[in-house]
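Structure first, then comments.
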Amino acid sequence: MIVFDNVSLSFGRRELFKNISLELRGGKIFGIVGKNGAGKSTFLKLAGKILRPDSGTINFPPEKKIAAVTPEMKIYDNLTARENLFFFAKLRGKNLSDEKIFELGGRVGLDMKSFGDVRTENFSTGMRQRLKFAILLSVAADIWLLDEPTANLDDDGREKFFCEIQAAKSEKIILLATNESAEENFCDEIIRLPL
Amino acid sequence: MKLFGSRFEQIASIVRKDFLIGLRRRAAWAAMMMFALTAAAALSLSTGGIFIEEKFLAAIFWVVIFFAASAGVASTFEDEASAGTLPTLKLYAEAQAILFGKMIYVFLSLVALTIFILPIFLILFDVAVKNFFLLLATIFFGLIGISAAGTLTAALTTSASVKGGLFTVLLFPITLPIFLPAISLTEISFSGGAFESSSLVVAAIFDLILMTAASILYDYL
């Protein structure tokens with residue numbers, strides 16, 4: 004459970020969050036929605052302790068691990084898809100076999116037989132997004148921070164993505180920042196910004 | 226024990242990943258090697274035929290290593306930051322694993338640089354090494370110090386707007402206490418004079434202090 008207790012955050016004179024108190028429990032997909040600039044990405048960074056609030060506290064159990072798909076978080080262009088997957092999984096103590104890599108590719112719609120040994124600098128934006136999604140599925144994590152994760156995905160990619168997060172939600176806290184009103188339907192609870 | 230095992234695996238993965246990318250991009254390595262070669266060749270040609278004392282030869286050697294290292298070490302965090310991979314790495318790996326992974330990679334890169342430039346330097350300046358063990362030990366401790374100081378400085382300057390200039394300006398005073406004994410010990414290794422083993426111990430202690438300081442400070446970056 005992530006607990007926001009009287010959290011406030013300002014950027015210069017702009018007060019983005021003022022005395023927010025809320026609880027984010029496991030087993031749910033929380034949709035973080037709001038207009039551009041409402042603070043959706045900032046909310047995710049606060050929840051993941053990537054950003055510190057000006058005042059108040061954000062508590063989550065220290066042993067919980069975070070994984071994320073956000074526009075700022077890039078993969079290594081000079082590594083192949085397989086190497087990227089293997090590297091990030093290894094950082095979280097997992098050894099991915101070739102079978103597992105093919106399986107992950109299948110789950111996100113990335114043909115690892117054809118593209119597994121291709122450097123990701125040659126990938127389209129959508130393929131990179133699918134690979135980020137595969138990394139998300141491969142690493143051990145209790146909290147998923149997803150910032151407009153389907154922005155560059157086609158219909159097939161979106162369908163696979165929501166199918167996977169629905170299957171995974173029982174064991175995780177999932178925060179999904181989105182501008183797509185249709186995606187709100189996949190969420191169990193909506194946090195509308197500004198709060 | 227599991228914590229140390231996991232951190233060791235993370236460090237090993239980061240070193241392996243950086244080597245793979247370093248070999249594929251080659252830019253940082255080429256910059257280091259070419260700088261060292263150009264500097265050593267230019268100094269050798271300009272001083273051709275003049276007798277140079279061992280003390281100056283030792284100083285020239287370390288100046289070449291310092292500036293060549295500066296050309297390559299700064300990119301260790303800068304490349305990650307500009308490619309946008311640093312936030313991803315910071316999310317999935319522990320801070321200390323990133324620091325020591327990068328430090329080991331920098332150290333191994335500097336070892337490769339030294340293996341490349343040392344024979345060239347010895348030939349160009351016609352140096353006959355009298356105490357090879359001392360030279361190797363001095364280089365070993367000197368490179369560890371440059372790696373620790375360089376990695377921390379690179380991490381500090383990643384978010385600065387004038388990275389390159391700031392990196393060299395900050396690195397020089399931090400590494401100065403390494404250079405002075407390193408130059409002195411290198412001179413002895415060239416001349417064959419007597420040396421106190423305590424000098425090497427001092428160099429090792431300074432390396433340890435630098436690594437500890439880097440480890441403590443990195444958590445606050």
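Protein sequences, first through last, are from chains A and B. For reference, each letter of the first sequence is one residue, going 4 to 198 in the numbering used here. For reference, each letter of the second sequence is one residue, going 226 to 446 in the numbering used here. All residues carry an ideal CB built from backbone N, CA and C; glycine is no exception. Nothing here was measured: the structure is a model prediction, and the numbers come from that model.
- For B/I340, the uninterrupted alpha helix (DSSP H) run begins and ends at A320 to L349, by DSSP.
- Sorting A/K68, A/I32, A/L94 and A/L12 by C-alpha distance to the C-alpha of A/D57 places A/L12 at the top.
- Rounded to the nearest whole angstrom, the CA to CA distance from A/Q132 to A/R110 is 13 Å.
- From the listed residues B/P344, B/F244, B/P406 and B/L324, the smallest Cα separation to B/L377 is found for B/L324.
- Short of 6 Å from the beta carbon of A/F46, and not among the five residues preceding or following it, lie these beta carbons of its own chain, in chain order: I35.
- B/K355 sits close to B/S416, with the two beta carbons spaced by under 8 Å.
- Each residue's CA atom was taken as its position, placing B/A374 and A/C190 some 48 Å apart.
- Counting only runs that start and end inside the stretch 41-125 of chain A, the alpha helix (DSSP H) elements of at least 4 residues fall at 43-50, 84-94, 101-111 and 115-118.
- Beta bridge pairing from DSSP links A/K31 with A/I176.
- The beta carbons of A/K52 and A/I61 sit closer together than 8 Å.
- Listed in chain order, the non-local C-beta contacts of B/F260 below 7 Å within the same chain comprise F292, A293 and A296, local neighbours out to five positions each way being set aside.
- Of all C-beta pairs linking the stretch 328-339 of chain B to the stretch 385-405 of chain B, fewer than three are shorter than 8 Å, placing the two stretches out of contact.
- Assignment of A/N9 by DSSP, reduced to helix, strand and coil, places it in the strand class.
- Among the residues facing chain B, A/K93 is included, as its CB has a counterpart in that chain under 8 Å away.
- B/S231 reaches chain A at G96, counting residues in chain order whose Cβ is nearer than 8 Å.
- Look at A/R17 here: in three-state DSSP terms it is strand.
- With a threshold of 8 Å between beta carbons, A/F46 makes no contact with chain B.
- Note on geometry: alpha-carbon atoms of A/A171 and A/S141 lie some 12 Å from one another.
- In the structure shown, B/T393 falls within a helical segment according to DSSP collapsed to helix, strand and coil.
- The alpha-carbon of B/S307 is positioned some 14 Å away from that of A/N81.
- Secondary structure of A/V36 (DSSP, three-state): strand.
- Closest by C-alpha distance to B/L311, out of A/D158, A/L179 and A/T73, is A/T73.
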